[in-house]
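Enquirer: Numbering (this note's numbering), first residue to last: 155 to 462.
Here a beta-carbon is modelled for each residue, glycine too, at the ideal position from N, C-alpha and C.
Keep in mind it's a predicted model, so treat the numbers as computed, not measured.
What follows is a single structure, and I will ask about it in a moment.
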Ligand code: PBG
């Protein structure tokens, strides 16, 4: 009876697995704060993608850990950059895998901010947007299916859309991190991606956790600029924002179950304080109940193993 009257289900087709790829093989290995998650070298990333695909996870979100950084993220758009090479190799090995690439500068800058800085050390919004367009077209040339800008600069979705269209990449979709909060829950990710800001924080460009209505304005702007999918991030503390967005917008809606949410659950599971399978299934189901069409989660593989 419960199966019959169940309102929401998690389908493997809704899950996206984030994946970290390190350019230097000696930087590959486990991420301490995210048990079960690894930074892969390129060939291991391809093998992991094959495994995910076989388990029924057919969308991945790539993050690169480049060998070199500088103040202006010049490694980010290299044709042979780590993300560009990974996109190419995975699309050759698995043409049916939907490959998304996170678009941001923080992994490529020595200062760790999501954009280029001006003389005062503030992120220069417009200069960063031009750079993002440059990176986006390099991902498109490599064969990416979806560009996912996570930088939170103003006006970047429209600019990226124009740049992609001008580069004959009209088929590449944009998944905008529209309502991305300046959250403490990204801590473990910054260890994984080596992208913690060297000074200051990201409150100048990411959203204030106190604001919900503002998230709807941010989403409306991104939709107007051509975003194909919009995202709320983090997930668990922001289910109210997810619900409000679902009620207001008809576009596909994604939620990012971020690194800190993963870490706290895994820590409690490892201590025997929570039952892993039940807790994970509950969390993923609640994202769908709250209105998500797409759930980006480090639990994707584990979930697929149990429900494939
Ligand atoms: C890059 C980016 C971050 C995350 C996704 N893209 C980190 C940040 O903004 O500091 C966080 C993902 C996670 O915590 O799992 N800007």
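Count the CB pairs spanning the region 315 to 330 and the region 344 to 355 that are closer than 8 Å, and state whether there are at least three.
Expert: no
Enquirer: When you compare only the Cα positions, how much space is there between residue 446 and residue 383?
Expert: 11 Å
Enquirer: Which whole-angstrom value describes the C-beta separation of residue 175 and residue 206, a residue pair presumed to lie in contact below a C-beta threshold of 8 Å?
Expert: Between residue 206 and residue 175 the Cβ distance is about 13 Å, and since that is not below 8 Å, they are no contact.
Enquirer: Please report how far the alpha carbon of residue 395 lies from the alpha carbon of residue 332, in whole angstroms.
Expert: 12 Å
Enquirer: What residue range does the beta strand (DSSP E) around residue 194 cover?
Expert: 192 to 194
Enquirer: Distance check for residue 460 and residue 350, CA to CA, integer angstroms please.
Expert: 34 Å
Enquirer: Note the first and the last residue of the continuous beta strand (DSSP E) segment covering residue 228.
Expert: From DSSP, residue 228 is part of no beta strand (DSSP E); its letter is neither H nor E.
Enquirer: Output yes if chain D places a C-beta closer than 9 Å to the C-beta of residue 156; else output no.
Expert: In the structure shown, chain D does not exist; there is a single protein chain.
Enquirer: Reducing DSSP to helix, strand and coil, say where residue 335 ends up.
Expert: Taken through DSSP and simplified to helix, strand or coil, residue 335 comes out as strand.
Enquirer: Would you mind working out which of 163, 362, 210, 280 sits nearest residue 454, comparing C-alpha positions?
Expert: 210
Enquirer: Quick one: what does DSSP say residue 455 is sitting in, helix, strand or coil?
Expert: helix
Enquirer: Look at residue 254 and residue 302 and say whether their C-beta atoms are less than 9 Å apart.
Expert: yes
Enquirer: Check whether the Cβ of residue 455 lies closer than 8 Å to any heavy atom of ligand 1, and answer yes or no.
Expert: No.
Enquirer: Decide if residue 266 is buried, meaning its Cβ has at least 16 other Cβ atoms within 10 Å, or exposed.
Expert: buried
Enquirer: Between which two residues does the alpha helix (DSSP H) harbouring residue 304 extend?
Expert: That residue, residue 304, is in no alpha helix (DSSP H); it is neither H nor E in DSSP.
Enquirer: Between 345, 168, 386, which lies nearest to residue 183 when the distance is taken from Cα to Cα?
Expert: 345
Enquirer: Beta-carbon within less than 6 Å of residue 363's beta-carbon, same chain only, minus the 5 sequence neighbours each way: which residues are those?
Expert: 335
Enquirer: Is residue 304 near ligand 1 - that is, is its Cβ less than 8 Å away from at least one heavy atom of it?
Expert: yes
Enquirer: Look up residue 410 in the DSSP assignment and give the residues it is bridged to.
Expert: 450
Enquirer: Could you please give me the residues that DSSP links to residue 213 through a beta bridge?
Expert: 252
Enquirer: Using the three-state DSSP reduction, which class does residue 324 fall into: helix, strand or coil?
Expert: coil
Enquirer: Does DSSP put residue 257 in a helix, a strand or coil?
Expert: strand
Enquirer: Within the continuous alpha helix (DSSP H) that includes residue 172, where are the two ends?
Expert: No alpha helix (DSSP H) contains residue 172, which is instead part of the beta strand (DSSP E) from 169 to 176.
Enquirer: From residue 343 to residue 307, what distance separates their C-alpha atoms?
Expert: 20 Å
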